[in-house]
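Chemist:
In UniProt numbering, the protein residues as written are 1 to 262.
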């Protein structure tokens with residue numbers, strides 16, 4: 001893809017706030033890429049079939065750019081692989097995993113031992129832990145991340161101790177808010193895509209953007225909250241209460257109204 005193509009520029013604009021949210025919540029690029037692979041394979045298999053023909057791994061490979069071997073691997077991963085598995089893609093999370101589970105780094109009761117950053121007099125220290133479980137990541141950078149998520153405690157004698165046995169960044173959003181994020185973002189992109197494919201039946205009704213002084217934003221926020229709720233309530237009233245018609249077919253429908261600041 002041409003780096004300066006409109007589609008590429010649009011992708012960068014969409015990914016920037018998403019990357020910010022993911023990094024703040026401890027999701028690494030590798031975890032994101034693994035999720036993206038599974039979604040690419042799923043969409044290619046379900047939505048890009050040749051009519052009358054069974055969708056093959058070879059065709060999915062051609063469409064997605066992934067090897068057939070990778071397509072098979074992605075499809076073999078359980079659908080609900082668990083948040084813990086994703087967290088282990090994060091190098092800081094792998095260090096915590098090693099500190100909790102590696103026999104070299106736990107005491108006789110199975111508890112994580114206290115470690116010095118570097119200790120020439122001991123067989124183990126924090127640097128050796130990082131090298132074993134986080135590859136070439138600088139130990140200081142890993143410690144900074146563990147500090148950020150309040151996973152370690154620094155002691156006056158120079159030792160480090162583990163405060164938590166799981167990698168859990170400070171909660172950025174409650175689960176219901178994250179669910180709303182997924183629903184709203186997906187709905188908006190679906191609407192724009194449908195608008196492109198079927199311009200006779202518009203689903204996306206415009207965007208208004210202008211440079212404004214910060215002093216005027218509070219009034220804009222209040223107006224957005226009031227007018228937005230009224231618009232959503234009015235549109236919701238247009239939706240029938242029945243879930244399906246005589247044909248038994250149904251489709252999800254709704255409206256998303258929001259303001260934004262950049």
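Every residue gets a Cβ at the ideal spot worked out from N, C-alpha and C, and that includes glycine. The model shown is predicted, which means the values in this text are computed figures rather than measured ones.
Does DSSP classify residue 112 as helix, strand or coil?
Modeler: DSSP places residue 112 in strand when its eight states are reduced to three.
Chemist: Would you mind working out which of 191, 158, 164, 28 sits nearest residue 98, comparing C-alpha positions?
Modeler: When only C-alpha atoms are compared, the closest one is 164.
Chemist: So, at 6 Å on beta carbons, what are the nonlocal neighbours of residue 104 in its own chain, with the 5 sequence-adjacent residues on each side left out?
Modeler: 124.
Chemist: Which term fits residue 82, buried or exposed, when burial requires 16 or more other beta carbons within 10 angstroms of its beta carbon?
Modeler: For residue 82, the predicted structure reports a pLDDT of 48, less than 50, and the residue's modelled location is therefore unreliable. The matter cannot be settled from this model.
Chemist: Pairs of beta-carbons, one from the segment 65-81 and one from the segment 37-48, closer than 8 Å: are there three or more?
Modeler: Contact holds: three or more Cβ-Cβ distances are below 8 Å.
Chemist: Is residue 222 closer than 8 Å to residue 259 when the C-beta atoms are compared?
Modeler: No, these two residues do not count as a Cβ contact at 8 Å.
Chemist: Could you tell me the distance, in whole angstroms, from the CA atom of residue 150 to the CA atom of residue 162?
Modeler: If I take the Cα positions, the gap works out to 9 Å.
Chemist: Note the first and the last residue of the continuous alpha helix (DSSP H) segment covering residue 11.
Modeler: Per DSSP, residue 11 belongs to the alpha helix (DSSP H) from 6-24.
Chemist: Where residue 100 and residue 110 are concerned, what is the direct C-alpha to C-alpha distance, given to the nearest angstrom?
Modeler: Straight-line Cα distance between these residues: approximately 8 Å.
Chemist: In whole angstroms, give me the CA-to-CA distance for residue 211 and residue 188.
Modeler: Computed Cα separation, rounded: 23 Å.
Chemist: Measure how close the beta-carbons of residue 127 and residue 117 come, nearest whole angstrom, since I'm counting them as under 8 Å.
Modeler: The Cβ separation is near 7 Å, so the contact holds.
Chemist: Enumerate in chain order the residues of its own chain whose CB-to-CB distance from residue 238 is below 7 Å, with the five nearest sequence positions on each side excluded.
Modeler: Same-chain partners within the cutoff: there are none.
Chemist: On the CB-based measure, 16 or more other CB atoms within 10 Å of its CB, does residue 94 come out buried or exposed?
Modeler: Answer is buried; the Cβ neighbour count reaches 16.
Chemist: Rounding to the nearest angstrom, what Cα-Cα distance links residue 133 and residue 166 in this structure?
Modeler: Each residue's Cα considered, the two are about 15 Å apart.
Chemist: Can the beta-carbon of residue 184 be found less than 8 Å from the beta-carbon of residue 90?
Modeler: For residue 184 and residue 90, no; Cβs fall outside 8 Å.
Chemist: Determine the DSSP secondary structure at residue 155, reduced to helix, strand or coil.
Modeler: It is coil, neither helix nor strand.
Chemist: Quick check on DSSP: helix, strand or coil for residue 62?
Modeler: Residue 62: helix per DSSP, three-state reduction.
Chemist: Taking the Cβ atom as the reference point for each residue, do residue 257 and residue 225 lie within a distance shorter than 8 Å?
Modeler: Not in contact: residue 257 and residue 225 (Cβ atoms no closer than 8 Å).
Chemist: Just how far apart, CA to CA, sit residue 122 and residue 214?
Modeler: Approximately 56 Å between the Cα atoms of the pair.
Chemist: Would you call residue 26 buried or exposed, if buried means 16 or more other Cβ atoms sit within 10 Å of its Cβ?
Modeler: Buried: at least 16 other Cβ atoms inside 10 Å.
Chemist: Buried or exposed, going by whether 16 or more other CB atoms sit within 10 Å of the CB of residue 141?
Modeler: Exposed, since its Cβ has fewer than 16 Cβ neighbours within 10 Å.
Chemist: Quick check on residue 247: does DSSP put it in helix, strand or coil?
Modeler: It is coil, neither helix nor strand.
Chemist: Residue 92 and residue 146 - do their beta-carbons sit closer together than 8 Å?
Modeler: Cβ atoms of residue 146 and residue 92: closer than 8 Å.
Chemist: Excluding sequence positions up to five away, which residues of its chain have a Cβ less than 7 Å from the Cβ of residue 60?
Modeler: Around residue 60: 41, 44, 45, 71.
Chemist: Note down, in chain order, each residue of its chain lying with its Cβ closer than 6 Å to the Cβ of residue 153, except the 5 sequence neighbours on either side.
Modeler: If we look at residue 153 and ignore the five residues flanking it on each side, its Cβ neighbours are 161, 163.
Chemist: State buried or exposed for residue 17, treating a residue as buried only when at least 16 other CB atoms are found within 10 Å of its CB.
Modeler: Its Cβ having fewer than 16 others within 10 Å, residue 17 is exposed.
Chemist: For a test of the three-state rule: what should DSSP assign to residue 56, helix, strand or coil?
Modeler: Three-state result, residue 56: coil.
Chemist: Using the Cα positions of residue 69 and residue 62, report the straight-line distance between them to the nearest angstrom.
Modeler: For residue 69 and residue 62, the distance between alpha carbons rounds to 12 Å.
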